[in-house]
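Participant: In the numbering used here, the protein residues as written are 11 to 80.
Note that the Cβ used here is the ideal one computed from N, Cα and C, for glycine as well.
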Amino acid sequence: MDFLVFQYPMITIQACLDGLLLGILFALIAYGMALQWGVMNIINIAQGDLVILGGYIAYFMYLYGIHPAW
Numbered sequence: 011m012d013f014l015v016f017q018y019p020m021i022t023i024q025a026c027l028d029g030l031l032l033g034i035l036f037a038l039i040a041y042g043m044a045l046q047w048g049v050m051n052i053i054n055i056a057q058g059d060l061v062i063l064g065g066y067i068a069y070f071m072y073l074y075g076i077h078p079a080w
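#1: Can you give me the Cβ contacts of ILE39 inside the same chain, cut-off strictly under 6 angstroms, excluding the 5 residues immediately before and after it?
#2: Going by DSSP in three states, GLY75 sits in which element: helix, strand or coil?
#3: Express the C-alpha separation of LEU32 and TYR74 in angstroms, rounding to a whole number.
#4: First and last residue of the alpha helix (DSSP H) that includes ILE39?
#5: Less than 7 angstroms between the beta carbons of GLN24 and MET43, yes or no?
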């Protein structure tokens with residue numbers, strides 16, 4: 011494993027950043043659900059549907075050449 015870290019440092023950095031950003035995304039989704047449950051005492055299962063809908067919208071915007079992060 012150390013051989014790959016030293017031979018391909020950019021791939022290692024990219025993999026670490028991808029994992030960090032994916033973890034942040036999961037944390038934001040979980041924080042939104044926990045905040046709503048804690049404040050309003052309502053479990054909103056439909057929030058997961060909105061997350062999936064947002065993912066589909068971002069994916070199709072990317073396919074049509076509109077980058078969602080810009």
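Facilitator: Looking at the coordinates:
#1: VAL61
#2: coil
#3: 23 angstroms
#4: 19 to 50
#5: no
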